[in-house]
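In this text, residue positions in the sequence shown follow the numbering used here: the first is 30, and each later residue adds one.
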Amino acid sequence: MTARDTDWDGVRLHVVTGKGGTGKTTVAAALALALAHSGRKVLLIEAEGRQGIARLFDRPPLPYEERKIAIGPGEADDGRDPGGDVYALAIDPEGALLDYLQMFYNMRSAGHVLTRLGLVDFATTIAPGLSDVLVTGKATEAARRKQQGGGYVYDSVVLDAPPTGRVGRFLNVSAEVSGLAKVGPIRAHADTVARVIKSPQTAVHLVSTLEEMPVQEALDGIAELRGVTGMQVGGIVINMARPAVLSQEELKAPPDVPAMAKALGTAGLHSTETLAEALADGLAEHARQLELQDRERTELEAAGQPIYTLPMVAEGIDLAALHRLAAELRDQGAA
Ligand SMILES: Nc1ncnc2c1ncn2[C@@H]1O[C@H](COP(=O)(O)OP(=O)(O)OP(=O)(O)O)[C@@H](O)[C@H]1O
Ligand SMILES: [Mg+2]
Numbered sequence: 030m031t032a033r034d035t036d037w038d039g040v041r042l043h044v045v046t047g048k049g050g051t052g053k054t055t056v057a058a059a060l061a062l063a064l065a066h067s068g069r070k071v072l073l074i075e076a077e078g079r080q081g082i083a084r085l086f087d088r089p090p091l092p093y094e095e096r097k098i099a100i101g102p103g104e105a106d107d108g109r110d111p112g113g114d115v116y117a118l119a120i121d122p123e124g125a126l127l128d129y130l131q132m133f134y135n136m137r138s139a140g141h142v143l144t145r146l147g148l149v150d151f152a153t154t155i156a157p158g159l160s161d162v163l164v165t166g167k168a169t170e171a172a173r174r175k176q177q178g179g180g181y182v183y184d185s186v187v188l189d190a191p192p193t194g195r196v197g198r199f200l201n202v203s204a205e206v207s208g209l210a211k212v213g214p215i216r217a218h219a220d221t222v223a224r225v226i227k228s229p230q231t232a233v234h235l236v237s238t239l240e241e242m243p244v245q246e247a248l249d250g251i252a253e254l255r256g257v258t259g260m261q262v263g264g265i266v267i268n269m270a271r272p273a274v275l276s277q278e279e280l281k282a283p284p285d286v287p288a289m290a291k292a293l294g295t296a297g298l299h300s301t302e303t304l305a306e307a308l309a310d311g312l313a314e315h316a317r318q319l320e321l322q323d324r325e326r327t328e329l330e331a332a333g334q335p336i337y338t339l340p341m342v343a344e345g346i347d348l349a350a351l352h353r354l355a356a357e358l359r360d361q362g363a364a
């Protein structure tokens with residue numbers, strides 16, 4: 030096994046957030062794959078129970094149970110080095126509450142009675158802070174879980190978290206719960222969870238595309254995490270980046286429309302002038318988009334966190350594409 034420094038050595042719980050639709054689930058899955066190298070065991074957790082992970086890995090909906098769903102890459106320079114395992118878990122607040130009752134009171138069956146009575150719904154709707162602490166609690170429990178021999182069950186846990194707008198509250202569990210419980214097991218549980226989340230073992234990564242709104246949300250998220258909640262900000266993953274087709278110089282030179290029309294004519298096309306003008310417009314639009322992307326990238330760079338860039342995959346995200354994104358993350362030092 031080749032030892033190799035990554036940007037996040039020592040981090041055991043990777044939380045992935047970002048604006049809605051920027052690719053949190055995709056990036057969380059790619060990161061889990063990237064971390065599952067060299068025989069490592071990784072748990073990928075979906076916090077919002079929408080079965081995005083199952084869809085991504087071409088699986089039927091996941092039950093509330095840790096299941097192996099993929100195999101990570103082996104090291105290319107060592108044929109004997111096996112890839113690791115990615116397990117997945119889709120958490121819903123109800124499952125997490127039953128789990129909690131089982132863990133602390135050994136009363137899962139009582140939990141089922143509570144479910145039938147509608148009390149679980151009651152507890153999770155009336156106290157959203159409680160449902161947050163149950164979900165984050167499950168993630169921190171998995172990150173701390175030990176085998177009988179003493180080693181950790183999972184080398185890393187990746188949490189596909191709620192979007193940036195809600196993530197501060199979601200992670201700031203002790204503050205959320207303090208209104209609910211001043212003492213007792215829920216309070217103690219929340220404090221343990223908070224300790225893990227604020228420790229150097231946890232990093233919160235932000236996903237953004239190179240557009241104004243997602244970038245602003247990522248920057249706001251970083252400020253919130255640093256300020257109010259004091260958590261370790263992780264990396265910024267720029268997702269769906271569009272590659273430049275032409276160089277800066279080529280884009281800066283004003284297009285020679287008559288020459289383009291002439292060339293199009295030589296190629297045997299009609300309406301060459303209209304075509305050439307449309308092409309020139311297209312070029313200008315491409316240049317404008319790249320300039321915009323560059324500006325947004327500079328804004329993100331100013332946050333001073335490590336940046337990883339994942340390309341827009343034109344054919345959409347299938348399992349092969351997910352493995353390619355994982356390899357990118359690993360090459361860029363994220364795992
Ligand atoms: N690098 C990429 N290239 C192409 N398509 C991508 C890429 N990353 C994500 N997508 C696509 O963008 C869409 C949104 O991605 P995803 O579901 O991961 O985002 P999300 O942030 O988890 O969304 P939500 O906020 O709804 O949970 C999906 O259709 C996904 O396949
Ligand atoms: Mg998602």
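By construction, the Cβ of each residue, glycine as well, lies at the ideal position given by its N, Cα and C atoms.
Tell me the DSSP bridge mates of residue i?
i	result
residue 265	235 and 336
residue 117	73 and 96
residue 42	186 and 231
residue 27	Residue coverage of the chain in this structure runs from 30 to 364, which leaves residue 27 outside it and unanswerable.
Got a sec: does ligand 2 put a non-hydrogen atom nearer than 7 Å to the Cβ of residue i?
i	result
residue 4	Residue 4 lies beyond the residue range present for the chain, which begins at 30 and ends at 364; the question has no answer from this structure.
residue 81	yes
Shorter than 7 Å, the distance from the beta carbon of residue i to the closest heavy atom of ligand 1, or not?
i	result
residue 354	yes
residue 242	no
residue 291	no
residue 339	yes
residue 229	no
residue 54	yes
residue 51	yes
residue 74	no
residue 164	no
residue 342	yes
Check residue i in the structure and name its three-state DSSP category.
i	result
residue 175	strand
residue 30	With a pLDDT of 44 at residue 30, under the threshold of 50, the modelled position of this residue cannot be trusted; read the value that follows with caution. Note: residue 30 maps to coil in three-state DSSP.
residue 124	helix
residue 331	coil
residue 270	strand
residue 47	strand
residue 80	coil
residue 357	helix
residue 91	coil
residue 218	helix
residue 243	helix
Check the C-beta distance from residue i over to residue j and give it rounded, since I have them as a contact under 8 Å.
i	j	result
residue 191	residue 76	6 Å
residue 379	residue 60	Residue coverage of the chain in this structure runs from 30 to 364, which leaves residue 379 outside it and unanswerable.
residue 281	residue 260	Not a contact, Cβ separation roughly 42 Å.
residue 120	residue 78	6 Å
Give a yes or no on whether the minimum CB-CB distance between residue i and chain B is below 8 Å.
i	result
residue 350	Structure shown: chain B not included; a single protein chain is present.
- Touch check for the stretch 48-58 and the stretch 182-189: three-plus C-beta pairs under 8 Å? yes
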